[in-house]
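Engineer: As given, the protein sequences belong to chains A and B, one line each in that order. According to our numbering, the first sequence holds residues 464 to 935 in order. According to our numbering, the second sequence holds residues 6 to 263 in order. Built from N, CA and C at the ideal position, the CB exists for glycine as well.
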Amino acid sequence: MHKIFHFYGGVHPKESKVSSGVAIVDAPLYPLYTVPLSMHIGAPAKSLVAVGDTVLRGQQIGEPASFVSSTIHSPTSGKVKSIGTCLGPAGTQLPCVVIEADGQDTPADPLTPITDWRNTDPAILRARVAAAGIVGMGGASFPTPVKLSIPPGKTIDTLIINGVECEPCLTADHRLMLENPKMILEGVEMVANMLGVQNVFIGIENNKPDAIEVLTKEATAYTAPAIHVVPLKVRYPQGAEKQLIYAITKRQVPSGGLPADVHCVVQNIGSSCAIAEAVILGKPLYERVTTVTGTPLVAPGNWRFRVGTPYAEAIKLAGGLKEGAQIAKLISGGPMMGMTVYSQSVPVMKNTSGILLMGPDEVKQYTSKACLRCGRCNDVCPMQLMPGILSVQIENERFDDAQSWHVMDCIECGCCAYTCPAGRPLVQHMRRAKSEVGAKLRAQKAAADAAAKAKAEAAAKAAGAEAPKADK
Amino acid sequence: MVTLVIIVVVGLLTGIAIALVSRWFGVEPNPVEEEVRNLLSGANCGGCGFPGCAGYAKALVAGAAKPGACSSQCAGAAEKMAKLLGVAVVHKEPKVAVVFCSGDDMKATRQALYNGINDCRDAMIVAAGAKTCAYGCLGLGACARVCPFGAIEINEHRLAVVHKEICVGCGKCVGACPKKLIKLVPKSAEIHVHCMNPVRGPEKFKACKAACIGCGKCVKTAPEHVKLVPGAALAEVDYGNPPPEALAEVCPTHALRK
Ligand code: SF4
Ligand code: SF4
Ligand code: SF4
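#1: Shortest alpha-carbon distance to B:V167 belongs to which of B:V104, B:C256, B:L252 and B:P72?
#2: Using only the heavy atoms of ligand 3, determine whether one of them is closer than 6 Å to the beta carbon of B:C200.
#3: To the nearest angstrom, how far is the alpha carbon of B:K63 from that of B:F30?
#4: Short of 6 Å in beta carbon distance, which residues of its chain neighbour A:Q661, apart from the five on each side in sequence? Order them along the chain.
#5: Taking DSSP as the reference, what is the three-state secondary structure of A:L889?
#6: Rounded to whole angstroms, what is the Cα-Cα separation between B:L9 and A:H892?
#7: Leaving aside the five residues before and after A:T882 along the sequence, list all residues of the same chain whose C-beta is less than 7 Å from its C-beta, in chain order.
#8: Say the cut is 6 Å; is the CB of A:C840 nearer than that to a heavy atom of ligand 2?
#9: What number of angstroms, rounded off, separates the C-alpha of B:C75 from the C-alpha of B:E98?
#10: Determine the extent of the alpha helix (DSSP H) in which B:F30 is found, giving its start and end residues.
#11: When you compare only the Cα positions, how much space is there between A:T621 and A:V518?
#12: Using only CA atoms, which one of A:S831, A:M849 and A:G851 lies nearest to A:K886?
#13: For A:P700, count neighbouring Cβ atoms within 10 angstroms of its own Cβ and tell me buried if that reaches 16, exposed if not.
#14: Is B:V234 helix, strand or coil when you go by DSSP?
#15: Would you call the segment 713–721 of chain A and the segment 797–815 of chain A touching, i.e. three or more CB-CB distances under 8 Å?
#16: Any contact between the segment 216–230 of chain B and the segment 145–164 of chain B? By contact I mean 3 or more CB pairs, one from each, below 8 Å.
#17: Less than 7 Å separating the beta-carbons of B:S107 and B:A251?
#18: With a Cβ-Cβ cutoff of 7 Å, do A:P747 and A:G541 count as a contact?
#19: Residues in the same chain with beta-carbon distance under 6 Å from A:Q866, minus the five sequence neighbours each way, listed in chain order, please.
#20: Label A:T575 either buried or exposed according to how many other C-beta atoms from any shown protein chain fall within 10 Å of its C-beta, with 16 as the threshold for buried.
#21: Tell me which same chain residues have a C-beta within less than 6 Å of the C-beta of A:P494, skipping the five on either side of it?
#22: Are A:T534 and A:G484 touching if we call contact CB-CB under 7 Å?
#23: Spatial neighbours of B:L233 within its chain, please: CB distance less than 8 Å, with the 5 preceding and 5 following residues excluded, ordered by chain position.
#24: Would you tell me roughly how many angstroms separate the C-alpha atoms of B:G20 and B:R28, rounded to the nearest one?
#25: Which residues does DSSP list as the beta-bridge partners of A:W766?
#26: State the Cα-Cα distance for the pair A:A923 and A:A917, rounded to the nearest angstrom.
#27: Using only the alpha-carbon positions, how far apart do A:K610 and A:V651 sit?
#28: Is there at least one Cβ from chain B nearer than 7 Å to A:K932's Cβ?
#29: Compute the Euclidean distance between the alpha carbons of A:V481 and A:G472, then round it to the nearest angstrom.
#30: Mind checking A:G566: buried by the 16 CB within 10 Å criterion, or exposed?
#31: Based on DSSP bridge pairs, tell me the residues matched to A:M802.
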């Protein structure tokens, strides 16, 4: 039997995974899709269509605007009704294309399927991943092609597939593993080949024994490289990149570093599946599995939604509200890291892993008291920070102090706020400090870049004036 | 007893050390600089563009700055400084801060109840503050807290209001507002278009009954004083030629007001 791994700190909230037994169903077609052009980290995509254009399902409607950006595809066939902005899950306005469906759902010519991908140049596969607009589907939505381009000077020896789904309530990845294990494993092998790694692990928490069993059985067919399914102890935030790397490889990503610094790449289950579909079927990423759950709902479940479906439709699909039930909070994502949204017009995006509703009796009104210095937050912080001390610094706007106490390493998992007996809004404090310190660092970098450029120019001038010295 | 002796000895030694250090490394205060600094307000607001009053005083003595940049010093103090330094006063145009929003809780709606940390900049992290108008004042008073003169009040309906007679135009609040609603404008301007939302009139009117709907009435009445912002349903006062107070009467939503 496997050894069961875990990491420092963390909490174990009530799992409430009520929809784990509900099979994935394709959502019906809706008359209107609001497709944000910014469903990823980085620059919003550039729109390729104009108002009145007819588009087909899977047709490219947005192209990447820079290296860290992504491609966007139409979720169905129809007409471009408008191009403007829409409310995103973070409460900000996102550029978007509104598509009026014609109900035919006519597919565009797919990207050419690459069936013989085992003998295809990894560069071609990587280009396909980019063309299909694949991003990390676990939540952060980092463009996958960028993740798969290893920065020069870094070597990768381990690929970790994140099937942890440690967020309470969410079951989308769990269902996908049960229902589509073959596609997932093909995707895993593709990524492993693209990276040229030999160690491949799929981490799954052992509250999903069925998924572990299915994947372990299917994975025996894969030998080059072998895919190991690793059961993990149930502990939130096991699915956080750095925690997962530590749990499986016992390597610690340095402060401020990336997984590549410890020779690892972490991919989400959903993304692996999407990569396989993009390569084998030529299907771009325009739909995803999302859990719609919460106690006020009649029938929580998992659906395959096209991007751009408004949350309101998703809630209707889950049977709507129980009689007399009320929504006190609507959350995009899971209860620990999700974002509270205040409008049901927010569209499903490539990274919407869940839509969670909470009733009035589940939502605690905020009352922040002074820190008791009990130290419970220190015990649970998986990044081994001292959230209590940090929050006091941040309350007093001592952001420089917070920076030297490593606030930038906070992964916003929410364990600290979850345990705090004083009800302090610790994550909000951390996020404020991270944005302030981030802005400062960016300004410093811009100034340093400008200075370096000026210096280089001056040096070039000087070098042009004098004869270049051979010994330098 | 021993403790007492130790304390006395340590105290004496430290005293001598301090005396010696200040003797050897002490910096002679520049008397002119001291005097100049005493003529400044001591608010350290940074409105002069130097790091605090001491920074400005130093620059004045070094000849790198002219008297008149401090907007919070007493009347006549700039002239005294000028006499002391033997230079002329260069007066700055007096400015005040204006919060360009009229959407208090009577006129503008909120989408949700925000009950997180009581600061606009923190509220921005949670669904951008939950006000229906994305450009509206959150009324949590980040600006009021940074104002060294207490010139900003959050009124009973949760809207930030600058008291013109107290504001010295130092500009500290400008950087504090996460919605970028505060601008410094010439003190001579009587009325302003209190709205920053560029979207279509009907759309913003739904969110806020005090929005500038871009109807252009003020522009038609006094084209020399007010103009429309290009590409937006929004009027803007021409601060080079500010309108008279009476023009406010033409505005149907009272976005154009004092
Ligand atoms: S400080 Fe950050 S990383 Fe640590 S428990 Fe709190 S949210 Fe998580
Ligand atoms: S858990 Fe809360 S009260 Fe306890 S030390 Fe941390 S911040 Fe303070
Ligand atoms: S003007 Fe800006 S900083 Fe002041 S209360 Fe309004 S939103 Fe907050």
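Structural biologist: Taking the coordinates as given:
#1: Residue mapping note: residue 167 of chain B aligns to position 162 of the second sequence, counting from 1. Minimum Cα-Cα distance from B:V167 among the listed residues B:V104, B:C256, B:L252 and B:P72 corresponds to B:V104.
#2: Along the second sequence, one-based indexing puts residue 200 of chain B at 195. Taking 6 Å as the cut-off, the C-beta of B:C200 does not count as close to any heavy atom of ligand 3.
#3: The count along the second sequence starts at 1 and reaches residue 63 of chain B at position 58. The count along the second sequence starts at 1 and reaches residue 30 of chain B at position 25. Taking the straight line joining both Cα atoms gives about 20 Å.
#4: Position 198 of the first sequence, counting from 1, holds the residue named residue 661 of chain A. So the qualifying residues of the chain are P688.
#5: Position 426 of the first sequence holds residue 889 of chain A. Here DSSP, grouped into helix, strand and coil, assigns A:L889 to helix.
#6: Locating residue 9 of chain B in the second sequence gives position 4, where the first residue counts as 1. Locating residue 892 of chain A in the first sequence gives position 429, where the first residue counts as 1. Whole-angstrom Cα-Cα distance: 47 Å.
#7: Residue mapping note: residue 882 of chain A aligns to position 419 of the first sequence, counting from 1. Correct list, in chain order: V474, R839, C840 and V843.
#8: Along the first sequence, read from residue 1 onward, the residue named residue 840 of chain A stands at position 377. Correct: A:C840 has its Cβ closer than 6 Å to ligand 2.
#9: Start at 1 with the first residue of the second sequence, and residue 75 of chain B comes out as number 70. Start at 1 with the first residue of the second sequence, and residue 98 of chain B comes out as number 93. The C-alpha of B:C75 lies about 11 Å from the C-alpha of B:E98.
#10: Residue numbering aside, residue 30 of chain B sits at position 25 when the second sequence is read from its first letter. Run containing B:F30: V7 to F30, per the alpha helix (DSSP H) assignment.
#11: The residue labelled residue 621 of chain A in the question sits at position 158 within the first sequence. The residue labelled residue 518 of chain A in the question sits at position 55 within the first sequence. Approximately 40 Å, taken between the alpha carbons.
#12: As a working note, residue 886 of chain A is residue 423 in the first sequence. Just to set this straight, residue 886 of chain A is Gly in the shown sequence, not Lys. Between A:G886 and the set A:S831, A:M849 and A:G851, the nearest pair of CA atoms involves A:S831.
#13: For this step, residue 700 of chain A is matched to residue 237 along the first sequence. The C-beta of A:P700 has 16 or more other C-beta atoms within 10 Å across all chains shown, which makes the residue buried.
#14: As a position in the second sequence, residue 234 of chain B is number 229, starting the count at 1. Three-state DSSP puts B:V234 in coil, outside helix and strand.
#15: Contact between the segment 713–721 of chain A and the segment 797–815 of chain A is absent, because fewer than three Cβ pairs lie under 8 Å.
#16: Contact between the segment 216–230 of chain B and the segment 145–164 of chain B is absent: fewer than 3 CB-CB pairs across the two stretches fall below 8 Å.
#17: Looking up residue 107 of chain B in the second sequence gives position 102. Looking up residue 251 of chain B in the second sequence gives position 246. Between B:S107 and B:A251, the C-beta spacing is not below 7 Å.
#18: On the first sequence, position 284 is the one that residue 747 of chain A refers to. On the first sequence, position 78 is the one that residue 541 of chain A refers to. Contact: no.
#19: Here residue 866 of chain A is taken as the residue at index 403 of the first sequence, counted from 1. Its chain contains V900 as the residues whose beta carbon lies nearer than 6 Å to that of A:Q866, once the 5 sequence neighbours on both sides are disregarded; these appear in chain order.
#20: Numbered from 1 along the first sequence, position 112 holds the residue referred to as residue 575 of chain A. By the neighbour-count criterion, in which a residue is buried when 16 or more other Cβ atoms sit within 10 angstroms of its Cβ, A:T575 is exposed.
#21: Locating residue 494 of chain A in the first sequence gives position 31, counting from the first residue. For A:P494, where only same-chain residues beyond five positions count, the Cβ hits under 6 Å are A564.
#22: Residue numbering aside, residue 534 of chain A sits at position 71 when the first sequence is read from its first letter. Residue numbering aside, residue 484 of chain A sits at position 21 when the first sequence is read from its first letter. For A:T534 and A:G484, no; Cβs fall outside 7 Å.
#23: In the second sequence, counting from the first residue as 1, residue 233 of chain B sits at position 228. Excluding the 5 residues flanking it on each side, B:L233 has same chain C-beta neighbours closer than 8 Å at G219, G221, V224, L239, A240 and E241, in chain order.
#24: For the purposes of this step, residue 20 of chain B is identified with residue 15 of the second sequence, where counting begins at 1. For the purposes of this step, residue 28 of chain B is identified with residue 23 of the second sequence, where counting begins at 1. B:G20 and B:R28: Cα-Cα distance of roughly 12 Å.
#25: What you label residue 766 of chain A is simply residue 303 of the first sequence in a count that begins at 1. In DSSP, A:W766 forms a bridge with A:V488 and A:T753.
#26: In the first sequence, residue 923 of chain A corresponds to position 460, counting from 1. In the first sequence, residue 917 of chain A corresponds to position 454, counting from 1. When rounded, the distance between both Cα atoms is 10 Å.
#27: Translated into the one-based positions of the first sequence, residue 610 of chain A becomes position 147. Translated into the one-based positions of the first sequence, residue 651 of chain A becomes position 188. For A:K610 and A:V651, the distance between alpha carbons rounds to 14 Å.
#28: Here residue 932 of chain A corresponds to residue number 469 of the first sequence, with the count starting at 1. Because A:K932 carries a pLDDT of 48, less than 50, the predicted location of this residue cannot be relied on, and no value is offered for it.
#29: The sequence position of residue 481 of chain A within the first sequence is 18, counting from 1. The sequence position of residue 472 of chain A within the first sequence is 9, counting from 1. A:V481 and A:G472: Cα-Cα distance of roughly 26 Å.
#30: Numbered from 1 along the first sequence, position 103 holds the residue referred to as residue 566 of chain A. The residue is exposed, with fewer than 16 neighbouring Cβ atoms inside 10 Å.
#31: As a position in the first sequence, residue 802 of chain A is number 339, starting the count at 1. Beta-bridge partners of A:M802 (DSSP): A:S795.
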